[in-house]
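These notes are about the structure you will find just below.
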Amino acid sequence: MKRQCIKIPKKKGESARRVLLDFEILDNSVKIGSDETFLYLPLSREPLSHELADLPEEAELAEFDFEPQERKPTHGDLLGFNPAYELIGDIALLEDPDLDSQKALKIAAALLRTQPNIKTVVKPLTPVIGEFRIREFEVIAGERRTETVHREYGCRYKVDLSRAYFTPRLSTERSRILSRVQEGDTVVDMFAGVGPYSILLAKSKKPSKVIAIDKNPDAVHYLKENISLNSVKNIEAIEGDAREEAKRFAGTADHVIMNLPHSAHEFLDSAVLLTKPGGVIYYYGITPEADLFESSVGFIRKAAENAGRKIEILEKRVVRSYAPYQYNICIEARVI
Ligand code: SAM
Numbered sequence: 021m022k023r024q025c026i027k028i029p030k031k032k033g034e035s036a037r038r039v040l041l042d043f044e045i046l047d048n049s050v051k052i053g054s055d056e057t058f059l060y061l062p063l064s065r066e067p068l069s070h071e072l073a074d075l076p077e078e079a080e081l082a083e084f085d086f087e088p089q090e091r092k093p094t095h096g097d098l099l100g101f102n103p104a105y106e107l108i109g110d111i112a113l114l115e116d117p118d119l120d121s122q123k124a125l126k127i128a129a130a131l132l133r134t135q136p137n138i139k140t141v142v143k144p145l146t147p148v149i150g151e152f153r154i155r156e157f158e159v160i161a162g163e164r165r166t167e168t169v170h171r172e173y174g175c176r177y178k179v180d181l182s183r184a185y186f187t188p189r190l191s192t193e194r195s196r197i198l199s200r201v202q203e204g205d206t207v208v209d210m211f212a213g214v215g216p217y218s219i220l221l222a223k224s225k226k227p228s229k230v231i232a233i234d235k236n237p238d239a240v241h242y243l244k245e246n247i248s249l250n251s252v253k254n255i256e257a258i259e260g261d262a263r264e265e266a267k268r269f270a271g272t273a274d275h276v277i278m279n280l281p282h283s284a285h286e287f288l289d290s291a292v293l294l295t296k297p298g299g300v301i302y303y304y305g306i307t308p309e310a311d312l313f314e315s316s317v318g319f320i321r322k323a324a325e326n327a328g329r330k331i332e333i334l335e336k337r338v339v340r341s342y343a344p345y346q347y348n349i350c351i352e353a354r355v356i
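When we follow the working numbering, the leftmost residue of the sequence shown carries the number 21, and every step to the right adds one.
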């Protein structure tokens, strides 16, 4: 089976393999290929530019016809069904809220047995709640902790899931915002959490500055740790209320990220205040199927008009389904 891969001289193969493992882009479903001179390391996705830059300089992108790996039994084989779970770092989070404890234990045992990368299995006891958007968890099996390090697009995020918000489900969305940011831009991440937007943008695109704000002291504790973990310098981490902090940075932002979907509309005046003329607001909302964008566009337009400004809608999209008939949406609006 043909796959995109990294072609590398054999003597540099091990260091290249380690880089791909570190970025979690080595495809384990096929065997590593070789010929007399080169190793061919299969890729699970297209590498980003900073990931390629970390490989030995002899590495090149190529294609190779790989042999499949022999298949080991999966947790699905052991259980007879495939349980829904989300993997955050080395913690598997069981997603079915109605799971009884016996079934949860069985699933946890199967996951720990078949997936060496999973060290802890947890079950949420509450939905994502409150101003800080956090959940309580019960550890079902494995190491008794809710702190982990999650890797995404070559960045590492340390987070205690019971103290700060994090979801890997927005990874595609984060890479989309990355594609909008140019070198030299200033970004304000109004609801930064532990930093998955801010750190990716600062690390990959080298904007002149990222201002990352969050009100949850625990989120900001991890945000600061993640800034060091990822060796990024061009971020200012601020513990505070986005509404108050916006006054200090008025008129400075080329991009304003508003990832607080249940109540972002309450902060639109501050987002408008932050944007330079021509700057873009990335507004996230949770909206019903019958009114995916219209009311939200109205809120953004109203906030701009209140400040004597106008908007131009650049894009409207559904990010993911959130609940029956409810969607997580994003609107990109230029503020003129
Ligand atoms: N952007 C992060 C991410 O993708 O993981 C976090 C998003 S989470 C949905 C929203 C965050 O907004 C939480 O970390 C919460 O603590 C923070 N927050 C809530 N109200 C806030 C406010 N008034 N000012 C600043 N941050 C706030």
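Idealized CB from N, CA, C, for every residue including glycine.
Euclidean distance between Cα positions of Asp42 and Lys322
46 angstroms
First and last residue of the alpha helix (DSSP H) that includes Arg153?
Counting along the chain, Arg153 falls outside any alpha helix (DSSP H), and DSSP gives it neither H nor E.
Per-residue burial, Asp55 [other beta carbons within 10 Å of its own, 16 or more giving buried]
exposed
Is the Cβ of Ser69 closer than 8 angstroms to any Cβ of chain B?
The chain labelled as chain B is not found in the depicted structure, where only one protein chain is given.
Does the beta-carbon of Gly174 have 16 or more other beta-carbons within 10 angstroms, so that it is buried, or is it exposed?
buried
By how many angstroms is the C-alpha of Ile138 removed from the C-alpha of Glu172?
16 angstroms
Same chain only: Cβ atoms within 6 angstroms of Lys336, ignoring 5 sequence neighbours per side:
Phe313 and Ile351
Leaving out five residues before and five after Arg194 in sequence, what residues of the same chain have Cβ atoms less than 8 angstroms from its Cβ?
Glu172, Tyr173, Pro216, Tyr217 and Leu220
Suppose you measure from the CA of Ile255 to the CA of Ser290; what does that come to, to the nearest Å?
20 angstroms
Alpha carbon to alpha carbon, what distance is there between Ile108 and Val148?
15 angstroms
Spatially closest choice to Ala207 from Glu87, Ala36, Pro308 and Val300, by CA coordinates:
Here the sequence assigns Val to residue 207, which means Ala is not the residue at that position. Considering only alpha carbons, the answer is Val300.
Going by the CB atoms, is the gap between Val141 and Leu119 shorter than 8 angstroms?
no
Less than 8 angstroms between the CB atoms is what I'm expecting for Ser316 and Ile349, so what's the real figure, rounded?
7 angstroms
Gln5 - partner residues in DSSP beta bridges
There is simply no residue 5 to check, as the chain begins at 21 and stops at 356 in what is shown.
Express the C-alpha separation of Asp209 and Ala222 in angstroms, rounding to a whole number.
11 angstroms
For Asn102, count neighbouring Cβ atoms within 10 angstroms of its own Cβ and tell me buried if that reaches 16, exposed if not.
exposed
Using alpha carbons as the reference points, say which of Pro308, Ala327 and Ile333 lies closest to Tyr347.
Pro308
Could you check what DSSP says for Glu352 in three-state terms: helix, strand or coil?
strand
Cβ neighbour criterion (16 or more within 10 Å) applied to Pro136:
exposed
Own chain residues within Cβ distance below 7 angstroms of Asn250, not counting five before or after
Cys175, Arg176, Ile219 and Lys223
Could you check whether the segment 262–274 touches the segment 318–334, counting it as contact only if at least three pairs of C-beta atoms, one from each stretch, sit closer than 8 angstroms?
no
Taking 8 angstroms as the cut-off, decide whether the C-beta atoms of Cys25 and Leu72 are in contact.
no
State the Cα-Cα distance for the pair Glu80 and Phe58, rounded to the nearest angstrom.
11 angstroms
Length of the line joining the Cα atoms of Glu332 and Lys27:
45 angstroms
So, using beta-carbon positions, are Glu78 and Lys32 closer together than 8 angstroms?
yes
Would the beta-carbon of Lys143 fall within 8 angstroms of that of Tyr242?
no
From what residue to what residue does the beta strand (DSSP E) around Asp238 run?
Taken as a continuous stretch (DSSP letters only), Asp238 belongs to no beta strand (DSSP E), being part of the alpha helix (DSSP H) at Pro237 to Leu249.
Name the two residues that bound the continuous alpha helix (DSSP H) containing Phe58.
Where Phe58 is concerned, there is no enclosing alpha helix (DSSP H), although the beta strand (DSSP E) it sits in stretches over Phe58 to Pro62.
Please work out which residues of its chain come closer than 8 angstroms, Cβ to Cβ, to Leu125, disregarding the five sequence neighbours upstream and downstream, and give them in chain order.
Ile160 and Ala161
Compare the C-alpha of Arg37 against each of Lys296, Tyr105, Pro76 and Ser191 and name the closest.
Pro76
Residues near Glu156 by beta carbon distance below 8 angstroms, same chain, minus five either side:
Pro144, Leu145, Thr146 and Ser182
Would you check if the distance between the CB atom of Ile306 and the CB atom of Tyr342 is smaller than 8 angstroms?
yes
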